[in-house]
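Residue numbering for the sequence shown follows this note's numbering, beginning at -6 and increasing consecutively.
The structure under discussion appears below in the form of structure tokens.
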Amino acid sequence: MLNKIMKRGQRKPSKSEAIEPPVPTSSAPNVTVNHASRLAVATPQPVTLATVPQNHGTVEVLPMLRDVPMSERHNLVYDILLKYVVSSETDTKIAKRYLDHSFVLKLLDLFDSEDMREREYLKTILHRIYGRFMVHRPFIRNAINNIFYRFIFETERYNGIAELLEILGSIINGFALPMKEEHKLFLVRALIPLHKPKCVSSYHQQLSYCITQFVEKDYRLADTVIRGVLKYWPVTNCGKEVLFLGELEEVLEVTQSAEFQRCMVPLFRQIGRSLNSPHFQVENPHSLSELTLGEFLLVNQSEECLGFAIVFVSEVAERALFWWNNEHIVGLIAENRRVILPIIFDALEKNIRGHWNQAIVGLSSNVRRMFLDMDSELFEECQRQHEEREAKAGEVEEQRELTWKKLEEVAAQGTGEDNMVVV
């Protein structure tokens, strides 16, 4: 009887127990199956599910979104947007419903960010949108124009001008010929007036590239560009003047003779003024900061004095004289020497006779000798006219001194009466 009871207490394993138990999901708790109360049987024991202890040393807790730096959030968003725009699976017909004019305007507003990395992201994204969505191209160009107008004529403050000009440089390079009238108006109304703001040095490299691209596309625009730059020529800002001289040199390298002849007179009148510029730049400024006013005046007479090695560079005049190192520009000057030499002859002579910087004296002498080799008869004629002007100027100066002496004599008499002096 006892054996029968024991046999009844034993139960054969069902088919479900013979199969490997399912892997628990994240929603179900871990359960430990206890078979201790069962008698041993010939069938294999079911797998025991044990709770695996967590290794707290390798668990990385993600920060809250509010604790993530703003720049990292922006980078993530811009990466996603850029991948969407450049993806070959993106349907432009559907995407343009969402990347519409309102979206483009908001994207352009972000270019005023002070974060340079963010502006680089925006530059890449806007450039890709311009290339991918042809329907938005005219609107993007007009929107950039409006930003330039507001910057030039109202605020003179915008952080993303350089990045926008980089985009435009690539756009201008792709303009088809003959160039449309709207593109020429963009050059005259937006790009050339960008020379006006005081902060032009922050974006001048990109601006100069855009200007040169226009002239390379259509050489007939050289006259318009040169006269436009001369219109905004700085009077007291020597740093801008050096930048403009470099830009005009690049423009002249792609200028043909016919266009050069249209603008050479006002151009070389300005070059003559630049040749006589007294502006200088002091190298080794950390030593200069230690000088008193008296020491500075002494150093101004000598390059090495009081233990300081300071070099004075006449930056504007030197940059203007470097034009004669450019073979293409020298060729244009040689063709039109009868017009150009009389304009700048006085400036060259003034530098040779009395400029404080010996480097400028040497460069001016080289240019003078170059004109002499080009046309000796023309050079002698200009020299004769220069001497006549100098003689007349001396006579005028003597007459002025005599006039002042007469006035001083009348004032010294002190008669108290109203005397009329004929001078």
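Each residue gets a CB set at the ideal place from its N, CA and C atoms; glycine is no exception.
First and last residue of the uninterrupted alpha helix (DSSP H) at residue i
i: K224; result: 215 to 224
i: N166; result: 154 to 166
i: D102; result: 94 to 102
i: R417; result: Any answer about residue 417 is impossible in this case: the structure gives the chain only from -6 up to 416.
i: Q206; result: 197 to 210
i: F315; result: Segment: none, F315 is in no alpha helix (DSSP H) and carries neither H nor E.
i: P227; result: Careful: P227 lies outside any alpha helix (DSSP H) and carries neither H nor E.
i: A183; result: Per DSSP, A183 belongs to no alpha helix (DSSP H) and is neither H nor E.
i: Q351; result: 351 to 367
Three-state class that DSSP yields for residue i in the structure shown
i: P15; result: Annotation note: pLDDT 46 at P15 (below 50); position unreliable, coordinate value reported separately. Coil.
i: K173; result: coil
i: N135; result: helix
i: W397; result: helix
i: G300; result: Per-residue confidence for G300 stands at a pLDDT of 45, beneath the threshold of 50, marking its modelled position as unreliable; the derived number appears in the next sentence. Reduced to three states, the DSSP call for G300 is coil.
i: H379; result: helix
i: E308; result: helix
i: D108; result: coil
i: V81; result: Position check: residue 81 holds Ser in this sequence, whereas Val was assumed. Reduced to three states, the DSSP call for S81 is coil.
i: P259; result: helix
i: N68; result: helix
i: S270; result: coil
i: E240; result: helix
i: Q418; result: Residue 418 lies beyond the residue range present for the chain, which begins at -6 and ends at 416; the question has no answer from this structure.
i: L149; result: Looking at the sequence provided, one finds Glu at residue 149 rather than Leu. Residue state, collapsed to three classes: coil.
i: K189; result: coil
i: Y91; result: coil
i: T248; result: coil
i: F144; result: helix
i: F253; result: helix
i: F126; result: coil
Beta-carbon proximity of residue i to residue j, cut-off 8 Å
i: W397; j: V360; result: no
i: E149; j: P190; result: yes
i: L341; j: S357; result: yes
i: E268; j: N329; result: The question names Glu, but residue 268 is Leu in the sequence shown. It is not a contact, given that the beta carbons lie outside the stated cut-off.
i: V228; j: S270; result: no
i: R112; j: G153; result: yes
i: A183; j: F132; result: no
i: E311; j: I353; result: yes
i: F126; j: T85; result: yes
i: I165; j: Q198; result: no
i: L214; j: L180; result: yes
i: A136; j: Y196; result: no
i: V332; j: V258; result: yes
i: Y151; j: D105; result: yes
i: L314; j: F253; result: no
i: H129; j: V79; result: no
i: C256; j: I219; result: yes
i: L161; j: S194; result: no
Contact between the segment 117 to 131 and the segment 72 to 79 (3+ Cβ pairs under 8 Å): yes
Could you tell me whether the segment 199 to 218 touches the segment 240 to 254, where touching means 3 or more Cβ pairs closer than 8 Å? yes
Three or more beta-carbon pairs under 8 Å between the segment 384 to 399 and the segment 355 to 373, yes or no? no
So does the segment 226 to 239 actually touch the segment 206 to 214, counting three or more Cβ pairs closer than 8 Å? no
Can you confirm whether the segment 254 to 267 touches the segment 215 to 231 when touching is taken to mean that 3 or more C-beta pairs between the two stretches lie within less than 8 Å? yes
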